[in-house]
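Report on the structure given below.
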Amino acid sequence: MGVQMVQLEHVTKEFDETNVVNDINLDIRAGEFLTLLGPSGCGKTTTLRMIAGFEKPTSGKILLNGKQVDDMEPYKREVNTVFQSYSLFPHMNVYDNVAFGLKMKKVSKDEIRERVTKALKLVQLKEYGNRKPKQLSGGQQQRIAIARAIVNNPKVLLLDEPLGALDLKLRKQMQLELKHLQQTLDITFIYVTHDQEEALTMSDRIVVMNKGKIEQIGLPREIYEKPVTRFVADFIGQTNIIEGKVTAINDDTATMEFSGQAIEIPNSQDIALNEEAFISVRPEKMKAGTVPFEGTINLKGTFKERIYVGSVTKIVVTMPNGEELTIHESHDNIEELTNTNDVYVSWNPKNTVVLKK
Amino acid sequence: MRKSFKKAYLLLSPSLFWLTLFLVIPVIFIAIVSFTTNGDFGAIIYEFSTKAYTSAFSSLYAKVIWQSVWWAFVATVVCLVIAYPFAYFIANAGKWKNILLLLVMVPFWTNLLIRLYAWIILLNNQGVINNFLLDLGFIEEPLQLMYSPGGVILGLVYGFLPFMILPIYSSIEQLDKTYLDAAEDLGAGPVRTFLNVTLPLTFPGILAGFIITFVPAISVFVVTDLFTGGKLLMVGNVIRDAFLVEMNWQLGAALSLLLMILVLLSLMIFMRFTNRKDRKLLV
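As structure tokens, then:
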């Protein structure tokens, strides 16, 4: 650990004069599972394709294991890709698909046999060597695509939304399998997805991207609990974003006015007196009740509706200014609320996250 | 199940009727005629005879048939060699793609006869090419560009090249480019990517092009007529002459039937080399 495996320095990619990737700096450590997360069109796939070599950066440098590679052809790079659509060669059987990379490297027949068998065993499809890709289910094709990539012992494995086409249950299972595989092989994984839950489940670190820029880099827990920007807070999970004017700043705290009520927020360099500030509070960190709670922040509003979603019950409360806050309550601590009630939404100040604008 | 099966036949019945009326019945008629006796001035006497087949298999006609197969085959191979890079280029030509495709198809809108006459102006002993080479002093006397098997093959290649380009183009165009990314990702350079992935995956297009070029090329007669003045013959020429000049319907019918069998045989060989999916490109 600690060795830089992939380094992106001021990497920019333009297509038709629009910056798809805009001045990105990123260091990826050897052996880590790093996820590029973002909505479609955020530049995550382009970033991955630049590391693979399918796209050349318009400007900036890409280093692979300390060596500059941005002009190197993809077939000379020691990285392999698992494609979104798997891209297994339809005219070859599973064995030949997995052996393809080794054949291109002129590895001896015996060694190919040994390594292909080992790779197929690793993805639990040892018996399927003679099948054609079409004869396999989506999940099986997915595993073959992984076997075809890892059989080459790449320094870095690039995965481009590899689970996107699978159904939910299989996807969850494959997420864990991929994570375990990565730990077993000790290869650097760079994983692209738009699914935030997938990213949180699998990654050592997450890079949240938006509009060609990196919004935040951090551990899954940091990304979820301490989002830096409004985009990250909004994109990862559900949240309440509260916007208000800063009316006072003290040493450690500040006061913000929202819907005619004062909220105490942590002081931060992202706020200034008499200017708008944004805070994020996760719905599961909030409570709703008919009386204010002691020692917490309380906002008074009116009850709007209650939605049962299985794991939790969502309670929607309307603030005096018309904005709505959503609270997730576990079923056993719900108070009976009706729309005649005043409802107090409260949360512990330590769960307030101040966002950059 | 059974009911929908019947329904399918009902829906098919117009085309089945059409095929029966205009394909099956005429072919049966030709088969019958080929076994009748030849009367004066092309009269058909309905008495069993195998005389037509005896002459059809005589060395003269056998030679013409063999010649046709060979020239058509060579022309088809030449078409393939020209068409593949051409189709590959068009498929990767970006915004020029449609214009290039149009240029391939424009000649179709002009009659083959007229287009071949244009070639005569070029290829003649006093034609543009010969005069040009003579003037530059590259040759002492005119090259025999026409009146030769080479000329016939040139005419066939010219006439049928689009038939080869279009199916190959379509197979290259439909090729999922991520397969090429995948090959490159796995360490295959451009040449090996082409040989290991592009070529096998576009093989159905090659086969389709091969058949739809070879089949009409084998029976065409205008090329030999115009380029050799009837000095060299293909099977199409002798069939036409049997019907229209010699008034020997029996011989014409027998040769037609033999040609049909030959074409069917080559189609069967084609089927042998392809699987179900590849064949779909033909239709």
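As you go down the protein sequences, you meet chains A and B in turn. Residue numbers 1 to 357, in the working numbering, belong to the letters of the first sequence in order. Residue numbers 1001 to 1283, in the working numbering, belong to the letters of the second sequence in order. Cβ coordinates follow ideal geometry from the N, Cα and C atoms, glycine included. Computed from a prediction, not measured in an experiment: that's the story for all the values here.
Who pairs with residue i in a beta bridge, going by DSSP?
i               : result
I1120 (chain B) : Answer is none; I1120 (chain B) lacks a bridge partner.
N80 (chain A)   : A:L157
F1089 (chain B) : In the DSSP output, where bridge partners are listed per residue, F1089 (chain B) has none listed.
G1151 (chain B) : Paired residues: none, contrary to the question.
H328 (chain A)  : A:K314
K67 (chain A)   : A:L64
P266 (chain A)  : A:T253
L26 (chain A)   : A:L8
R205 (chain A)  : A:L34
Could you check the C-alpha separation between residue i and residue j for me, to the nearest Å?
i               : j               : result
R221 (chain A)  : Q196 (chain A)  : 12 angstroms
Y1061 (chain B) : L125 (chain A)  : 60 angstroms
N250 (chain A)  : D270 (chain A)  : 14 angstroms
S280 (chain A)  : I28 (chain A)   : 29 angstroms
L1010 (chain B) : L1023 (chain B) : 20 angstroms
Q364 (chain A)  : N1092 (chain B) : Summary: the structure shown does not reach residue 364 (chain A), with chain A confined to residues 1 through 357, and so no result is reported for it.
L1122 (chain B) : V1027 (chain B) : 40 angstroms
L1080 (chain B) : W1070 (chain B) : 15 angstroms
V291 (chain A)  : L219 (chain A)  : 37 angstroms
K304 (chain A)  : T326 (chain A)  : 10 angstroms
A435 (chain A)  : E14 (chain A)   : The shown model of chain A, from 1 to 357, leaves out residue 435 (chain A), and the question about it has no answer.
P39 (chain A)   : D167 (chain A)  : 20 angstroms
K61 (chain A)   : E257 (chain A)  : 46 angstroms
I1090 (chain B) : L163 (chain A)  : 35 angstroms
F54 (chain A)   : A30 (chain A)   : 22 angstroms
G301 (chain A)  : Y344 (chain A)  : 6 angstroms
A1208 (chain B) : T1202 (chain B) : 10 angstroms
W1066 (chain B) : F1221 (chain B) : 15 angstroms
E1141 (chain B) : P1085 (chain B) : 34 angstroms
I1030 (chain B) : L1113 (chain B) : 27 angstroms
T12 (chain A)   : L157 (chain A)  : 22 angstroms
N93 (chain A)   : V208 (chain A)  : 38 angstroms
P1149 (chain B) : A1075 (chain B) : 11 angstroms
V69 (chain A)   : S108 (chain A)  : 28 angstroms
D204 (chain A)  : D186 (chain A)  : 13 angstroms
Could you confirm whether any beta carbon from chain A is found closer than 8 angstroms to the beta carbon of residue i?
i               : result
P1200 (chain B) : yes
E1184 (chain B) : yes
G1205 (chain B) : no
Here's the rule I'm using: 16 or more other beta-carbon atoms within 10 Å means buried, otherwise exposed. How should residue i be labelled?
i               : result
E276 (chain A)  : exposed
R1272 (chain B) : exposed
W1018 (chain B) : exposed
S1015 (chain B) : exposed
V1128 (chain B) : exposed
M1164 (chain B) : buried
Q1250 (chain B) : buried
L34 (chain A)   : buried
T18 (chain A)   : exposed
Q216 (chain A)  : buried
Y224 (chain A)  : buried
Y1169 (chain B) : buried
A1182 (chain B) : buried
M1105 (chain B) : exposed
M1234 (chain B) : buried
V116 (chain A)  : buried
Thinking C-beta only, is residue j closer than 8 angstroms to residue i?
i               : j               : result
W1096 (chain B) : G1155 (chain B) : no
L37 (chain A)   : A254 (chain A)  : no
E161 (chain A)  : T184 (chain A)  : no
D101 (chain A)  : G1189 (chain B) : Before going on, a small fix: residue 101 (chain A) reads as Gly here, not Asp. No, the pair does not count as a contact, with Cβ atoms beyond the cut-off.
S346 (chain A)  : N298 (chain A)  : yes
N25 (chain A)   : K155 (chain A)  : no
N97 (chain A)   : P133 (chain A)  : yes
L170 (chain A)  : G129 (chain A)  : no
A1254 (chain B) : Y1053 (chain B) : yes
L178 (chain A)  : M202 (chain A)  : yes
V1223 (chain B) : L1116 (chain B) : yes
Is there a Cβ of chain B sitting closer than 8 angstroms to that of residue i, yes or no?
i              : result
A52 (chain A)  : yes
Y191 (chain A) : no
N80 (chain A)  : yes
P74 (chain A)  : yes
H10 (chain A)  : no
D85 (chain A)  : Note that residue 85 (chain A) corresponds to Ser in the displayed sequence, not to Asp. With 8 angstroms as the cut-off, S85 (chain A) counts as an interface residue toward chain B.
G164 (chain A) : no
M256 (chain A) : no
G138 (chain A) : no
N130 (chain A) : no
K13 (chain A)  : no
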